[in-house]
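Trainee: Residue numbers for the sequence shown follow my numbering, so the first one is -18 and each next one is one higher.
We treat Cβ as the ideally placed atom computed from N, Cα and C, and that holds for glycine.
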Amino acid sequence: MAKILIVKLGYSETLDPEISRTSSLGDVLRTTVLLHKFKDDHVSWLVDEHAYPLLEDNRLIQRILIYDLNSVLQLQHERFDTVINLEKVPGICALCDGIDAWRRFGFRFDSSNGTAQAYDHAERAMSLCDNKDLKKNHEQYWQEALYHMIGAEWDKEEYILGYKPKCSVKHDIGFNWSVGSKWPNKAWKKENWKNLEKIIGNKFTVCYQKGMNELHEYIEWINSCRLLVTNDSLGLHIAFALRKKIIVLYGPTSVNEIYLYGRGISLLPEVNYDCIPCLVPTCSQEKICMDFISPERVFESLNKMLGTTGH
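(1) Does the stretch 224 to 236 come within contact of the stretch 186 to 193, defined as at least 3 CB pairs closer than 8 Å?
(2) Using the rule of at least 16 other Cβ atoms within 10 Å of the residue's Cβ for burial, across every protein chain shown, is residue 10 buried or exposed?
(3) I'd like to know whether the C-beta atoms of residue 102 and residue 88 end up nearer to each other than 8 Å.
(4) State the Cα-Cα distance for the pair residue 44 and residue 265, rounded to the nearest angstrom.
(5) Name the two residues that bound the continuous alpha helix (DSSP H) containing residue 91.
(6) Whose C-beta lies closer than 6 Å to the C-beta of residue 164 among residues of the same chain, with five residues either side of it excluded?
(7) Can you tell me whether residue 242 is buried or exposed? The criterion is at least 16 other CB atoms within 10 Å of its CB, across all chains shown.
(8) Are the beta-carbon atoms of residue 76 and residue 157 separated by less than 8 Å?
(9) When you compare only the Cα positions, how much space is there between residue 298 and residue -10?
(10) In this structure, what does DSSP give as the bridge partners for residue 156?
(11) Among residues of its own chain, excluding the 5 on either side of residue 299, which ones have a beta-carbon nearer than 7 Å to its beta-carbon?
(12) For residue 294, tell me which candidate among 74, 151 and 32 has the shortest Cα-Cα distance.
(13) Alpha carbon to alpha carbon, how far is residue 168 from residue 25?
(14) Helix or strand or just coil, what does DSSP make of residue 166?
(15) Go through its chain and collect everything with a Cβ distance to residue 46's Cβ below 8 Å, but skip five positions before and after it.
(16) In whole angstroms, what is the alpha-carbon distance linking residue 31 and residue 65?
(17) Check each candidate in 94, 14, 38 and 79 and name the one with the smallest Cα separation from residue 129.
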């Protein structure tokens, strides 16, 4: 049994250039697809405290370490067979380089200029972070790229969520309408959600997003829905982990990296903007691209996914 350390706090998204001290919870959750590769090993995972609920009770993680001074000091004196660092924060790269390990994957620290660089197999991921045009035209699924970073092949492995929801299905459709402050232009206007609700009428039962301030409550709400209509956000990734049907509304971010596991439909704006996907959180157009996804199109997709009647 090999001893594995995965470092994924969410401060930097694996295939995006942004770095923040606010954890990208969706990026942490979708990294759990790697755990299938190490199901017979002893896995430790270093994570930000805010992302901890997404990993707790995961059967394939033997130890979860919250990123703080104590865990840093401990790791500096511990030995591993493999360290996988998926953070591009230079200080975290330096920490990981200093951990005693036989093999290393992901990102490393360049001591000559104080920046993050790539280990073998991660050069493509680093290039996607550095080159927006390359990122816009990237047609490899995110999970494929992640597995490639550790020199492996992705075989449609799914997310693994440790938390087991207690609620049963109560609603046909969940409206996952809220977006984070980092990407306000991912949002579909509230009037569109209201219009979609009117079009649905009594055909399906609808519930608006709940649990926005508590992860377990949020997971329970998503689990209570047969299908989630969502933007590209954390809710999308939780729905994947819960094996829910999904309709995803895309605009500023790339649809090409998202694999729907045969349970969803992706909808793109019907507009001739050559900037889509712009990959930036602010819009330069007079009318944002998300406004060109009509409630009628979403309703058509709902009928395809749920049939003619609700439960």
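Mentor: In short:
(1) no
(2) buried
(3) no
(4) 45 Å
(5) Careful: residue 91 lies outside any alpha helix (DSSP H), inside the beta strand (DSSP E) at 81 to 91.
(6) 262
(7) exposed
(8) no
(9) Nothing can be reported for residue 298: it is not among the residues displayed for the chain, which extend from -18 to 292.
(10) 189 and 210
(11) Missing from the structure shown is residue 299; the chain here goes from -18 to 292 and no further.
(12) A question about residue 294 goes unanswered here, because the residues of the chain that appear run from -18 up to 292.
(13) 35 Å
(14) helix
(15) 25, 26, 27, 28, 52, 55 and 56
(16) 20 Å
(17) 14
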